[in-house]
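Colleague: Position one of the sequence shown corresponds to residue 235 (the numbering used here), numbered consecutively onward.
Positions of the beta carbon are idealized from the N, C-alpha and C atoms, including for glycine.
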Amino acid sequence: MVRIAIDLTPYNDAVALLEFPELAARLGYEYLQLTPNPDFGRHFHRPKVDTAMIRQLKKRASDAGVTLTSVQPVQRFGGPDPRDVEMAVFNAARYIEVAAELGAPVINTEFSGRPEREEESEYSFYRSMEQLLPIAEREGVTINFDPHPDDFVEDGLEAWRIIRGLDSDRVGFVYVAAHTFHLGDRAATLLPEVGDRLGAVFAADTFDHRRSHGLRYITNPPGNAARVHQHLRIGDGDVDFDTLFATLRETGYLDRPDALIVSNVFAEDERADEVSRFQLARIRELIG
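1. Report yes if the CB atom of V410 is closer than 8 Å to the CB atom of V332, and no otherwise.
2. Run through the DSSP bridge pairs and tell me what A437 is partnered with.
3. Which of the three DSSP states, helix, strand or coil, is assigned to R237?
4. Quick one: what's D380 bridged to in DSSP?
5. Name the residue from T453, V509, I521, V340 whose alpha carbon lies nearest to the alpha carbon of L478.
6. What does G275 pair with, by DSSP beta-bridge criteria?
7. Classify G448 as helix, strand or coil using the three-state DSSP reduction.
8. Of all the options E427, F415, R483, P456, which has the alpha carbon lying nearest to the alpha carbon of H465?
9. D385: buried (16+ other C-beta within 10 angstroms of its C-beta) or exposed?
10. Whole angstroms are fine: how far does the CA of E335 sit from the CA of P307?
11. Taking just the CA atoms, how far does H279 sit from N325?
12. For V375, which option in D403, E352, E504, F359 has the closest C-alpha, if you only look at C-alpha atoms?
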């Protein structure tokens, strides 16, 4: 059975972390991914939950009939500066423990290096994982990576090669639909290559920045290195979700008991309830 989880980032300023399970249930979701939040832990920081809050969060989730599937901390695993790597390892080690304590033994995250320092970032990433994988093994936690726009690796196939180079089944790939056009727009060939190491799929739409002679978006000055994408509701952008889900079906992902699809629309906080319900219904249609 495919688990459809929600990322409640649009509610971070309005809803307390401990109320997230009830909110997810109210929106119709049975599954919840915990993402950067002031109470849980911000980007590049150590988690802020203690044992008491973890216990409360698990109880609130159980009472709401919601299962915590995963957590999404963002740390500078790819540095490339040694101090950044040291902090990332220090913070992530605790996130791994927190994921295990929550009963949500999956971390979905990013490589987080710099494209202009690609070689150093890749080295830093491998050094980070050298220290973190024994902890993940000990705690029974899997870490999945998303090649995020403006990361040291953006191309999906090259990201998979880097993951494969770790030679560990504790590491997998996150396919973020909203990053499709930075990944290389080749889900139909990339996902069969990744195979059973696909750990999660994030469902949000975006525009193809390459269209209209590269003028789909306009940033100034011309030729700057900015990366632009959105996390829109499905159908509001250019991503071919029919092909994506057909590929997920053909590769057997949708038949896996651990299959995870996360709705992560960030562009319309003012309509978050409506969009969240739409996303759940549309993902179910695409699966069915």
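Modeller: Looking at the coordinates:
1. no
2. Its beta-bridge partners are S497.
3. strand
4. Looking at the DSSP assignment, D380 forms a beta bridge with E344.
5. I521
6. N271
7. helix
8. F415
9. buried
10. 15 Å
11. 6 Å
12. Here the closest residue by C-alpha is D403.
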